Each structure stands twice: as C-alpha cells, then as structure tokens.
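Q: So the sequence lines, in the order shown, correspond to chains A, B and C.
Each residue of the first sequence is one higher than the last, beginning at 22 in the working numbering.
Each residue of the second sequence is one higher than the last, beginning at 1143 in the working numbering.
Each residue of the third sequence is one higher than the last, beginning at 5 in the working numbering.
Note that CB positions come from ideal geometry on N, CA and C, so glycine has one too.
Everything numeric in this text was worked out from a predicted model, so none of it was measured.
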Amino acid sequence: MEMQSAVRVRGLSKIFTVPVKKGGNPAASQIVAVDNISFDVKEGEVLGFIGPNGAGKSTTIKMLTGILIPSSGSIKVAGYDSQTERGKLVMHIGTVFGQRSQLVYNLPVTDSFDLFAKLYELESKKYQARRDYLFEAFGINEYFNQPVRKLSLGQRMRAEVALALLHEPKIVFLDEPTIGLDIVAKQALRDTLLKLNKEQGTTIFLTSHDIGDIEMLTQRTIVVNHGQIVVDEDTLKLKNRYMQVKSVHLSLKEKVKEFADKRFMDIRINGKELNFKVDTKKHAINEIIKDLLNSYQVEDIDITNPELEDVIREIYQTK
Amino acid sequence: MISAVFKKYFAVFSIAFKASIYFRNRILAQALVQIFRITILMLVYSFVYSQVNVNSDVTLQVAVWSIAAYFCVLSIRFKNLFNDINFDIKSGNIEVILSRPLNYLGYRIVNQLGSDINSFFLPVLASFIILPIAIGFPELTLTLPYLLGVLFIVILGLLVGALLYSLVGLAAFWLEDATPVYWIIDKGVLLLGGSYLPIAFYPEFMKLLVYYSPFGASMFVSHIFYSDFMTRLPLLILVQLVWIIILVIVINIVYRKAYKQLTVNGG
Amino acid sequence: MRNLLKELDKAFFIWKINFRSELAMRKSFLLLTFGMIINDLAFPIVWIFFFLNFGSFNGWEVADVIGLQAMAGLTIGLSFFTAGGATKLPQQIDSGYFDNHLLTPGNLYLKIFVSHIRTSALGDVFYGLIMTVIYFILIQANPLQIFIWILPIIPAVMIINNFILITGLVGFFINDATYLAGSLQDTLIGPSLYPSGAYSGALRFFFIFIIPAIAIGGLPVEIIKNNSYYMIFGIWLLAVIWTVLAYTLLNAVVKKYESANLLANRV
C-alpha cells in the first residue's frame, strides 16, 4: 500500500523585496530565499532538512507551518493547504523552535501542558494519559512541578519537545532542537524522538546544524543551499558518501617531529598535538586507533565528525 | 589626560549618535509624542485662558512656553538610564561595559545623550514653528547673560536628572524590581518640574519643593520664561550644583557597594 | 455562537495562566501594584492645583477631575490588566514571538490580547476605585449615578484595547515599531487624563471620533454631570465600531506578516 505524504511541496518559491540605495536613489532588490523546490515527506518518516546559514531552511519551514505565505507553489501538510487552511493545519502539527520557548516561564511545567491541552481541546482523561506517557518518555517526571525558569537547558528542551507532541500531531517540525545541549542531553533527546517515531509513527521534520542529529535520527536528508535542493537521498547513503572523513586529534606525551602515514590526510603537527583526517570508508577507525596507541604514548584522543559546512562543501565539489 | 578622557566619551557620544540615525522611527516617535503633548496642552491652556480671568503675571505665552521647554528637555529621556542600568545588571551585560576603560555610569549617561539628542531638536524646532503662530512669544529680553543662564540651567538640569535616574538604576543590584522606586522619582520630576501645570501656579509650600528638591532642579528649564528668572538664576544654579555634588557622592558610595556585590557573586 | 464561547474560554484560560505566572513573583507583583497606586497620585495633585488656580471652566470643577482620574484609572487599568498583549504586539512581531500565535490554535484576535498581563495595571484599577469612592463622596452620588458609572466601563475598555491593537499593527509594516506604536498609544492615554471640558469644537470632535480619548475618561464624567444617560449608547456604539475596525484590520494585515526573528534582517 502506498504511503501517504505527510508533506507535499510543489514548485515552492519565496522572494523577498528589500529596499536598497543605488547611487542615493531608493530602489528595491529581490532576494530569492527559496527557489522552486519540490519534495514529499512520507508519513512516519524522519526527514533531515539541512543547509548552511541563509540557505532557506527557516523560510521553508515557516511556509510549511503557515507562518509565511509563498510567492509561488503549493504546500500540503497533513492534508491541509498551509495557506488557506492554516487554522485547521495548526491542530495537526507540533513545532519546536530551538531558540524560542513555548513554556510559561514562571510556572511549573505542568501548567504549560494544561494550557496546551486547552488550546488543542484535548479531552481531560485522554490528556492526562497522554501527558503521563510523555512525562515518562522524556524523563519529565523528575521535574514537572518545577518552574520552567529553574530548569536546565536540557530539561527545558525535553519539556518543549514533549509539549509539541502532546496533541499527537501528525507531523512535528523541530528547528534546532538540540542547540546548546551537552552530549548526554542530546543523546537522551534523540533516543526519545526515535522511540516515539517508532511507536507512534509521528512524522518528524528536523533541521539542525548538528550532523549527529542527522546521522542518528533521520532516514532521509534534504540538503538546501541558496534556496535550492542540492541533495535529496537516504541519510545512510549520504553518510557513506560524504560523512566518512573523520578528524582525529591526538595529544601525545612527547613531541613528535615527523609523522607520515598513507592512510591519513591533512596531517598537522604542533609540538605534542597531532591532527589528521582519515576516510573511514577506506580505513577502519578502530584499527587506526590500535596502531596509534601501539606506536605512541597517547594522553588524549578526540575523533570528530565533519562540520556540516565541510559536508556541504564536499557535496558541491563532488556534484 | 582630560583631553584623553574627553575624547573617549566623545567617541561614545558619536557612536551612539550615529547609531541612533538608523532608528529613525524611534527618533521620530519620541519627538512626535512631545510635539503632540505640547500642542494639546497649548490648545487646553488657550481655551482655559479664554474662559477664565487669570489673575497672575503668568501669561498664556509664558505658561505654554514653559511647558514646551519641559517636554523638549524630556525628549532626551534620561529616564531611560533606569531601564538600561537595570538591564545591564540583571542580564550581566554590565560585565561587558566594565571591561572597557570607561566609567560605567559615565558611559551610560553619554550614550543616552548621544542616542536621544536627535529627538531633542525636533520638538524644539516644532515649538518654534507652532507656538509663535498659535500664541506668540512670551516677553523676553534676550541678552547674553540670559542665554548663558539658559544654557547652564539646561546642562546642569540634565546632569541632575541623569544622576537621579542612574541612582535608581543602581537599586537593581539589591531589589528584584526597582520599578516602583523609579516611578516615585519619575513622578517627582513630573510634579515638581512644571510638566502639565506651570510651577508658578503652585502654592508656596509646593514651590519650596520645586526650588530645593532634585526633582525640581532637574527641570529648572521650565523656569526660563518667567519674569523673575534672571533674579532667581544664581539660586537655581546653586541648587543644581549642590544636588550634583550630593548625588555624585551618594552614587559613588552606592556604586562601590554594588560593585563589590557584583564581583562576589560572579556577575 | 458555540465556537465564540469556546474561543473566549480558551482566551480566558490563557489569561489565567499568564496571571498565575505574574503572581508567581509575588513580591514583585505586590510592589508593582502598590507602586502604581502611588505613581498615579501625581496626576490628581497636578490637576487639583490647576483648578485651584483657574477655578471652574466650562462647567468642570475639582470633583469632575477626580471623577476623570477615577474613570481613566479604571478603564486603562482594566484594559492593560485583562488585555495587555496588544501593547506588546510590535515587540512580538520583531522578536518572532508572533509566530507562536499563528502556530497554536485559537482565535488570533483574542490570543494577542491575552498574551500579556501588565501587572502594574492592577494598581491603576485600585487607584481608579479609590478615586471613584472619593468622587462619589464629593458629588454625593445617588444609587442611579453609581449604577450609571459602571455602564461605560466595559465599552471604554473595548475602545482602549482595540485602539492599541490598531496602533500595534504598524509593527507589520515597519521595523523597530515599538516606540512608534507606543507614541500612537500615548495620543489616546495622555489626553484622556486632561479635563475634557478644555476640549471644544474641532478638538473635541477629534478626541471623540478620531482618537477616542474623551470616550474613555471624560465622557462618562460628563454623563453623570449632565444626566445625559443616552450618551452611554454612544460609547457602546464607539466600542463596537472600534472592535470591528480592529478585527478587520488585523485579519487583513496579518496576511502581510513576514516572520523573522530579532537577529535576522527583515529579509
């Protein structure tokens, strides 16, 4: 049976008109923020929507959620036209904008949930069951009675995401949900989102600058740049193609004068600090680590994923 | 050394002035509020003077021009210092400014002056256009001593106002919300500064407060059209200077205590 | 009808949440409320001195200005306390907070109003009540007058709310519109506190029909003074007109909304 589309976008564009001065005379310049993009998101899919700053990600999400009106094109989200049926649409979507809170600052977390229950017209028993489920899933039971202003960022983000899921939306838009979180908090949130996606089939539309979010959460990734879609494929395939070059940083006990290994790229030596890159498609990282530990007295080792901008850059270089 | 200090603060003033030009809406809005108030009060007083036999040497022109002077100076909005200092303390932004080679309060006062000097000129200009046409000028003898006197009164008055609001702003180090304290200061200035009612119409006991309180001293500009202004000028300047000295001493004491609190808590 | 009640119920719930949020900072809440009562007392003092100097004019006396302060305190206070969100509209647009209104269910018009409570406005309400008691004592109000006094309050609150909402709409067209909207709001609030007996002819027309400052303060006092009870219908009619105007304009203008957060340029 063919899966329904949770999101259907056709020929979407957004052009902003900006006043500029040309030789002292006022004029208008047009900025194409989103340029004729089309894509579908299947129900139950977790989609990563990534791109560098200014790529058009936020503009696209705002059009999908009905905040912005497109210059051209059509959008259907959860079966509703985001332009003409916004009032109905909002009942079926959830949103988390990482840098903006929907929680009531001075009151306990539960009060924000009570408020949303009212806004989304949830029946009392159903609301309580759903709330209890989300509190359990997101580990909110330990702090639901505390005022929001006293929570850590990680606790707050968990509450924000749980709140966005309270009314069982068909699709939830997460814009940088892990921004500012430490590694433990990030992982906890990712695990919960995956669990919910599996159990409840909620479609997740995720934007993030953290490549770890994309790797761990998404099944499919769309990369946008300059308002256009440059890549749209399975995250695993994207990962295999572009995200396999890891950066390795070693802190050694003694200075090293020379370091050469055909397996490594971009080698940089700075006293006791050694940096290089390795293509993990070609060379297993665990073997490399074993060899290094055998050859050198290593005090610290750090392996990082490529920066998103590096990935995007590489995408452009290989296209 | 004085020249170096002056250059520093002049640079702060210039930057604030340049930055304010980008906020044209804000400048216009601030100026329009004052122009609107001046115009409405002019119409109110014109009507009242036409209905009632005013037994006073305060003519309609003196009354309205003195109110206009109050609102023109008010457009520099030193009352904003309270919000800015409050914000700096609560948000920790004060640490950014403290790390600069400037006196914190000096920076804030000069910055505020630079930000709002634009919105001062518009009400002054509007007053000199609207009021002469509508009601004419008050009787004045424009001599050099008079003009210098006005200049001193305005500058010293601004300084008194700036110090008053700065002092209230520093209360944010101790009070969760110093807004009620700010209101008392602000309404003191409104009441004793000659805002909606020229101070010449106040009873004698109120006039004592007008002449000798810091609230009145911050707005002695509203006295410049009174016939006894030049006679009173030495007293007015003396009162302003005394209050400046007192406020500087108090602010220093308060600021030192506040600064200790800041470093102990880590900001 | 059922939908309307549902939306009103939602709006009231949001208001309750916001009220409880303000109440959570209990000390600040009480300080602001009490402080505002003290703050408001400056105005009657100024106007009492005004009348002591000028005597009565156009039928207006000290008691009437007390009544004006009472009614203005009640209507403005109730407006900002129950529906203070409209005053924050330009900031919400600039900061991107307005997105939250669009992203959650509920009537946009109502949600804007209840999105913020101005805590200190409760002080205005208490001030209004105190002045009302003094006014009733001064005029030796009879039960009919007391009853009539209550009738214009709700329409006056509606007029204020909708006027402020309309002024807030500038935020959809201009960046950094907070000050401009505030200035426009001041054109209503400021003149509403001046004795409306001083407005005549074109100015009176302006302040009833264009900027309804008289309708929210002076007119109710005149109704009691002159026993012109039919004018209550006039105030209600104005309230309906301003409500329809605000609702229509909001729905038309929101289509022009181009969401941006504070850090991004409006591009």
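(1) Give me the chain E residues within the contact set of A/R121, using Cβ-Cβ distance strictly less than 9 Å, ordered along the chain.
(2) Is the beta carbon of A/L33 closer than 8 Å to that of A/P91?
(3) Under 8 Å between the Cβ atoms of B/S1364 and B/D1199?
(4) Could you have a look at A/G77 and say whether DSSP puts it in helix, strand or coil?
(5) Considering A/N291, what are the terminal residues of the beta strand (DSSP E) in which it resides?
(6) For chain C, is any of its Cβ atoms less than 8 Å away from the one on A/G77?
(7) Could you give the uninterrupted runs of the alpha helix (DSSP H) lying entirely in the stretch 68-123 of chain C, keeping only those of 4 residues or more?
(8) Where do the ends of the beta strand (DSSP E) carrying A/F118 lie?
(9) Quick check on A/N127 - is its C-beta less than 8 Å from some C-beta in chain C?
(10) Check the Cβ of B/N1167 against every Cβ in chain C and list those closer than 7 Å, keeping chain order.
(11) So, under 8 Å CB-CB, B/K1303 and B/V1331 are touching, yes? Tell me the CB distance rounded to an integer number of Å.
(12) Measuring only the C-alpha atoms, how far is A/E23 from A/V269?
(13) Spatial neighbours of A/K97 within its chain, please: CB distance less than 6 Å, with the 5 preceding and 5 following residues excluded, ordered by chain position.
(14) Where does the unbroken alpha helix (DSSP H) through B/V1206 begin, and where does it stop?
(15) Report all residues from its chain with a CB closer than 6 Å to the CB of C/T252; omit the five preceding and five following residues, and keep chain order.
(16) A/L227 and A/V55 - do their beta-carbons sit closer together than 8 Å?
(17) Determine the direct distance from the alpha carbon of A/E328 to that of A/D253, and round the result to whole angstroms.
(18) Considering only residues of the same chain and omitting the five flanking positions on each side of C/F47, which have a CB-CB separation below 8 Å?
(19) Identify the continuous beta strand (DSSP E) that holds A/G94 and give its terminal residues.
(20) Hey, would you say C/A90 sits closer than 8 Å to C/P159, going by beta carbons?
(21) With 16 other CB atoms within 10 Å as the buried threshold, where does B/I1144 fall?
(22) Could you name the residues of chain A that C/T108 contacts, counting a contact when the two beta carbons are closer than 7 Å?
(23) Measuring CB to CB, does C/L36 end up less than 8 Å from C/T123?
(24) Skipping 5 residues on each side, what residues in its chain have a beta carbon closer than 8 Å to that of C/F176?
(25) Please list, in chain order, the residues of the stretch 17-41 of chain C that have any C-beta partner in chain B closer than 8 Å.
(26) Exposed or buried, what is B/R1250 when buried is set at 16 or more other beta-carbons lying within 10 Å of its beta-carbon?
(27) Span of the beta strand (DSSP E) holding A/T224?
(28) Sort B/I1387, B/F1294 and B/I1327 by Cα distance to B/W1376 and report the nearest one.
(29) Going by the CB atoms, is the gap between A/V62 and A/A99 shorter than 8 Å?
(30) Using a Cβ-Cβ distance under 8 Å, would C/Y198 count as near chain B?
(31) Please report whether the beta-carbon of C/K14 lies at a distance below 8 Å from any beta-carbon of chain A.
(32) Under 9 Å between beta-carbons, which chain A residues line up against C/K259? List them in chain order, please.
(33) Determine the direct distance from the alpha carbon of B/F1362 to that of B/L1389, and round the result to whole angstroms.
(34) Quickly, what does DSSP pair A/N246 with across the bridge? List them, please.
(35) Pull the bridge partners of A/R211 from the DSSP assignment, please.
(36) Compute the distance between the beta-carbons of A/Q120 and A/I200, then report whether it is under 8 Å.
A: Let's see:
(1) Given the protein chain composition of this structure (A, B and C), no chain E is represented.
(2) For the purposes of this step, residue 91 of chain A is identified with residue 70 of the first sequence, where counting begins at 1. For the purposes of this step, residue 33 of chain A is identified with residue 12 of the first sequence, where counting begins at 1. Yes, the pair counts as a contact, with Cβ atoms nearer than the cut-off.
(3) What you label residue 1364 of chain B is simply residue 222 of the second sequence in a count that begins at 1. What you label residue 1199 of chain B is simply residue 57 of the second sequence in a count that begins at 1. No; because the gap between Cβ atoms is not below 8 Å, this pair is not in contact.
(4) As a working note, residue 77 of chain A is residue 56 in the first sequence. DSSP places A/G77 in coil when its eight states are reduced to three.
(5) Reading the first sequence from its first residue, position 270 is the one you call residue 291 of chain A. Residues F285 to N291.
(6) Counting from one through the first sequence, the residue named residue 77 of chain A turns up at place 56. So, not an interface residue.
(7) 93-99, 102-107 and 112-118
(8) Your numbering for residue 118 of chain A matches position 97 in the first sequence. Looking at the DSSP string, the run of the beta strand (DSSP E) that includes A/F118 is I114 to F118.
(9) As a working mapping, residue 127 of chain A is identified with position 106 in the first sequence. Cβ-Cβ to chain C under 8 Å: yes for A/N127.
(10) Here residue 1167 of chain B refers to the residue found at position 25 when the second sequence is read from its first residue. Ordered by position in chain C, the residues that pass the 7 Å Cβ test against B/N1167 are I178, D180, A181, Y183 and L184.
(11) Within the second sequence, residue 1303 of chain B is the residue found at index 161, counting from 1. Within the second sequence, residue 1331 of chain B is the residue found at index 189, counting from 1. For the sequence presented, residue 1303 of chain B should be read as Gly rather than Lys. Confirmed, Cβ separation roughly 7 Å.
(12) Taking the first sequence and counting its residues from 1, one reaches residue 23 of chain A at position 2. Taking the first sequence and counting its residues from 1, one reaches residue 269 of chain A at position 248. Only weak support is given to the placement of A/E23: the predicted model assigns it a pLDDT of 45, under 50, and the value that follows is read from those uncertain coordinates. Computed Cα separation, rounded: 44 Å.
(13) The sequence position of residue 97 of chain A within the first sequence is 76, counting from 1. Answer for A/K97: R29, listed in chain order.
(14) Here residue 1206 of chain B refers to the residue found at position 64 of the second sequence. Note, B/V1206: alpha helix (DSSP H), L1202 to L1216.
(15) Walking along the third sequence from the start, residue 252 of chain C turns up at place 248. Contacts found: none.
(16) Translated into the one-based positions of the first sequence, residue 55 of chain A becomes position 34. Translated into the one-based positions of the first sequence, residue 227 of chain A becomes position 206. No.
(17) Position 232 of the first sequence, counting from 1, holds the residue named residue 253 of chain A. Position 307 of the first sequence, counting from 1, holds the residue named residue 328 of chain A. The alpha-carbon atoms of A/D253 and A/E328 are separated by roughly 19 Å.
(18) Taking the first residue of the third sequence as position 1, residue 47 of chain C is located at position 43. Here the set comprises Q73 and L197.
(19) Residue mapping note: residue 94 of chain A aligns to position 73 of the first sequence, counting from 1. Here the beta strand (DSSP E) through A/G94 covers S93 to V98.
(20) By one-based count along the third sequence, residue 90 of chain C stands at place 86. By one-based count along the third sequence, residue 159 of chain C stands at place 155. Not in contact: C/A90 and C/P159 (Cβ atoms no closer than 8 Å).
(21) The count along the second sequence starts at 1 and reaches residue 1144 of chain B at position 2. Per the 10 Å Cβ criterion, exposed.
(22) Working through the third sequence from its first residue, we reach residue 108 of chain C at position 104. Those are V111 and L140, listed as they occur along chain A.
(23) Translated into positions along the third sequence, residue 36 of chain C becomes position 32. Translated into positions along the third sequence, residue 123 of chain C becomes position 119. Closer than 8 Å, so yes.
(24) One-based indexing of the third sequence puts residue 176 of chain C at position 172. Same-chain partners within the cutoff: I97, V257, V258, K260 and Y261.
(25) M29, K31, S32, L35, L36, F38, G39 and M40
(26) The sequence position of residue 1250 of chain B within the second sequence is 108, counting from 1. Answer is buried; the Cβ neighbour count reaches 16.
(27) Your numbering for residue 224 of chain A matches position 203 in the first sequence. A/T224 -> beta strand (DSSP E) spans T224 to T228.
(28) By one-based count along the second sequence, residue 1376 of chain B stands at place 234. Per the sequence shown, the amino acid found at residue 1376 of chain B is Pro instead of Trp. Measuring from the Cα of B/P1376, the nearest candidate turns out to be B/F1294.
(29) As a working note, residue 99 of chain A is residue 78 in the first sequence. As a working note, residue 62 of chain A is residue 41 in the first sequence. Against a cut-off of 8 Å, the Cβ pair of A/V62 and A/A99 comes out as no contact.
(30) In the third sequence, residue 198 of chain C corresponds to position 194, counting from 1. Closer than 8 Å to some Cβ of chain B, the Cβ of C/Y198 qualifies, so yes.
(31) Numbered from 1 along the third sequence, position 10 holds the residue referred to as residue 14 of chain C. Yes, contact with chain A.
(32) The residue labelled residue 259 of chain C in the question sits at position 255 within the third sequence. Chain A residues near C/K259: I90.
(33) Along the second sequence, one-based indexing puts residue 1389 of chain B at 247. Along the second sequence, one-based indexing puts residue 1362 of chain B at 220. Using only the alpha carbons, I get a separation of about 17 Å.
(34) Within the first sequence, residue 246 of chain A is the residue found at index 225, counting from 1. In the DSSP output, where bridge partners are listed per residue, A/N246 has A/Q249.
(35) The residue labelled residue 211 of chain A in the question sits at position 190 within the first sequence. According to DSSP, A/R211 bridges with nothing at all.
(36) The sequence position of residue 120 of chain A within the first sequence is 99, counting from 1. The sequence position of residue 200 of chain A within the first sequence is 179, counting from 1. In contact: A/Q120 and A/I200 (Cβ atoms closer than 8 Å).
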